[in-house]
Structures are given as C-alpha cells and as structure tokens.
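Those protein sequence lines, which keep their order, are chains A and B. Per our numbering, the very first residue in the first sequence carries number 106; after that it's consecutive. Per our numbering, the very first residue in the second sequence carries number 106; after that it's consecutive. We put the beta carbon where it would ideally sit given N, CA and C, even for glycine. Here is the structure we will look at, set down as structure tokens.
Number of protein chains: 2
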Amino acid sequence: MDSSLQGIIGQIARLRELANEWLGRELERRAIEGIQPAHGTVLAFLFKQQSPVPIKEIVDQVRRVKSTVTGMVNTLERHGYVRKIPSDDDGRVVYVELTEKGCALRADFDEISERLLSTVYGEMSGKDRESLARLLCQLEKNLRVSCHGGRA
Amino acid sequence: MDSSLQGIIGQIARLRELANEWLGRELERRAIEGIQPAHGTVLAFLFKQQSPVPIKEIVDQVRRVKSTVTGMVNTLERHGYVRKIPSDDDGRVVYVELTEKGCALRADFDEISERLLSTVYGEMSGKDRESLARLLCQLEKNLRVSCHGGRA
DNA sequence: TGACGATAGTTCGGCCACGAACTATAATTA
DNA sequence: TAATTATAGTTCGTGGCCGAACTATCGTCA
C-alpha cells in the first residue's frame, strides 16, 4: 500500500522516486561506478569524520539496520571507496574509513546535492519553500507520533 | 545519495519511510499476511477490474518494470490473493485475477488508506493541505522536466 | 509459407532493506 | 574466576526493484 496511490502519500512516493532517478542519471553522467543513491547518507557521514569510525556509529547515524549497513559498507569496499580496519583494542569492532577514491567523491557529492536542490525547487519562491518545509514537518510529526509515540 | 540528507529530499524520503512503516504496522495489526506496502498499487488496480487483466496492463499502470511485477504477482499468488490464468487466445499473455481472499482485502485496504490519510494530515487545515499539494506538484514537475523532459 | 521483428513473461544477477539467528569478544556479576 | 549477559558484526532467508538476457508466441511481409 505504498500508494494510497492517489493522495499525498502517492505524491511523496513519486517524488522520492523521481529524486532517486535523477540521482541515478547524475551518477551515471559523471561515470561514478558502484555508487547507489542509498549510499548518500553513509558517505555524507564519512565525509564528516576525520578518523575511522566503527560500523556501529554508521548504523546509529544512518537509520538503517546493521545488516543493511554491513552490506552497503561491503559494497563500498568492493568498489574501493572505503576500507575496513579491525580494531586492536576491541576485537568486536570494525572501523571504516574512506580511501583516496572515496574522498574524491566529495566534490561530486557536494555538487550533486546542490544541483538536485536547485533542480527540485526550480523557481519556487523562498516563502513557498519555507511553507513547504513547515507543512512537511507537520506531516512528519503526525506520522511519527502515530508510529512510535513521538520518539526518535 | 538518497539523502541530500538534510533538505527537502531527505524530508521527503523520511516521510515516505514513515508512511511505509505505518502501513507495515497496520497490516500486522490486522494480521494480514504476505502483503507488502508495495503491493498497494497492484491491489488498487486489481480492485478496479471486473475481469482478469494481463500482466502487461499491471506493468503499465503500476510504474514498475515487468520483472518486478512478475515477482509481486507471484508473491501474491503464493499467498493466495491472486490467481494466474494463461490466455487461450494468445499464448504469450497471462491473466491475473483476485481470488476470494484477495477480494476480501478490499475493505481493509479502503480503511487503511483513509486512516493513513487522516493520520498524516492530522489537524492540518484544508487550505494548508491544498498549498502542500500544489507545492509538491511543483517539485514533481521540476524533477520530471529535468529527468525526461516532461514526458510520462 | 518461411523468415524476421515485435510483444508478453520469466529468469538471473545485483542492490537495498529487514529481521532472526549466529559468532566472537567484552563486560558484569555471582 | 566462572558463568552470564551485553555488544559488534556477519550470515541467511525473504522481498522489492532494476536491467539484461532469454523463451515463447504472434504478426507481418516478402
């Protein structure tokens, strides 16, 4: 029931898909291989770090279950964007760190983010952008309350 | 880059996930088994039919690639919500039709759709709902133009 | 009628995404 | 210190989603 097909939820779902599609094309256009739209949150987080981070940290930040993060990190590793380093102190943890190739994504990443924003907003006035953000926040709050009583 | 994490796209992505989460809980609460939020568009389409439809029709309506639809139809069939009937006239086509069990979903489906709508909107005024829809349409148009030059 | 191209579906491999089970290593507590 | 519990990651099975390749059938056209 991804839909409610008609109605606001369908609209939101479509929008999200269009954005993903746009990102896919942009990545392809720039010949960036092995990167999926979903990797965005992980990369954004890694860009902010100046030292290797445990996978656990990524899991907490990225709002994905650990098995999902394991998979994404492995994909990123296989494509050479990231390196895994087992901890010496704690035999359970594995650190993740961007490689050269991974760091090199940053410029594209920033450009793409900016371009997406300006594409999606187009000529929309600042006032309308604010209204939109506010209204969406409201929906988000409504759903969040109904889902988990406001937490998270 | 599902994200742009911050900004409108992230907000939309979160909203869509929350809606899916909400749907998941609702389906679980009603003990409806084997149904995924993504099946919503397929079911909505089947509810509107009074005779079996070729898979091709579903593909066109549901905005999913044929291999995806094949998968979903098979899942629905395995759970007994749907029946596949090879055509006599045309050896290539396979018709799909709701079973009793499938038809029985309709009431829940309608209720759930309505409840989701009222949950997500909450107390938002009619005027705001309209503004929101209008603004989202604008974003959708912007992206669509940028993606495929306005088609589709 | 026979070859060729279009059309309908399926299959396969690759990803994300989830939950449950499992491993291995701490940390805690009796 | 031994047993128990908690924590970090991985693995596995299910499913959506895609694109590409494949099969089978239908239409068309020579």
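By Cβ distance, which residues of its chain are closer than 8 Å to residue i, with the 5 residues on each side in sequence left out?
i, result
"A:Val147", "Ile163, Val167, Val174, Met177, Val178 and Leu181"
"B:Leu237", "Met229"
"B:Pro159", "Ser192, Val198, Val199, Tyr200 and Val201"
"A:Asp165", "none"
"B:Ala143", "Met177"
"B:Lys289", "Shown here, chain B extends from 106 to 257; a query on residue 289 of chain B therefore has no answer."
Just verifying my parser: in three-state terms, what is the DSSP assignment at residue i?
i, result
"A:Val167", "helix"
"B:Glu228", "coil"
"B:Lys153", "coil"
"A:Arg135", "coil"
"B:Ser108", "Note on B:Ser108: pLDDT 48, under 50, position unreliable in the model; no value is reported."
"A:Ile117", "helix"
"A:Ile190", "strand"
"A:Val158", "strand"
"A:Val198", "coil"
In chain order, what residues of the same chain have a beta carbon less than 7 Å from the beta carbon of residue i, not counting five sequence neighbours either side?
i, result
"A:Pro157", "Ile190, Tyr200, Val201 and Glu202"
"A:Gly185", "Thr204 and Lys206"
Any idea if residue i is buried or exposed, counting beta-carbon neighbours within 10 angstroms, 16 or more meaning buried?
i, result
"A:Ala136", "exposed"
"B:Ser218", "buried"
"B:Glu70", "In this structure chain B extends from 106 to 257, so residue 70 of chain B is not present and cannot be described."
"B:Gly231", "exposed"
"A:Val225", "buried"
"B:His209", "Note that residue 209 of chain B is Ala in the sequence shown here, rather than His. Exposed."
"A:Ala212", "exposed"
"A:Val170", "exposed"
"A:Gly207", "buried"
"B:Gly251", "Residue identity check: residue 251 of chain B is Ser in the sequence provided, not Gly. So B:Ser251 ends up on the buried side."
Is any heavy atom of the ligand ZN found at a distance shorter than 8 Å from the C-beta of residue i?
i, result
"B:Arg135", "What this structure holds is no ligand at all, so the ligand ZN is not there to describe."
Which same chain residues end up closer than 6 Å to residue i when comparing Cβ atoms and leaving out the 5 residues on each side of it in sequence?
i, result
"A:Gly145", "none"
"A:Arg256", "Confidence at A:Arg256 is low in this model, with a pLDDT of 49, below 50, so the placement of that residue is unreliable and no value is reported for it."
"B:Leu151", "Leu203"
Since residue i and residue j are thought to touch, with beta carbons under 8 Å apart, how far apart are those beta carbons, to the nearest angstrom?
i, j, result
"A:Lys120", "B:Ile117", "With the sequence shown as reference, residue 120 of chain A is identified as Leu, and Lys is not the correct amino acid for it. The Cβ separation is near 5 Å, so the contact holds."
"B:Leu222", "A:Gly112", "6 Å"
"B:Asn125", "A:Gly227", "At roughly 27 Å, the Cβ-Cβ gap does not stay under 8 Å, so B:Asn125 and A:Gly227 are not in contact."
"A:Glu245", "B:Leu123", "7 Å"
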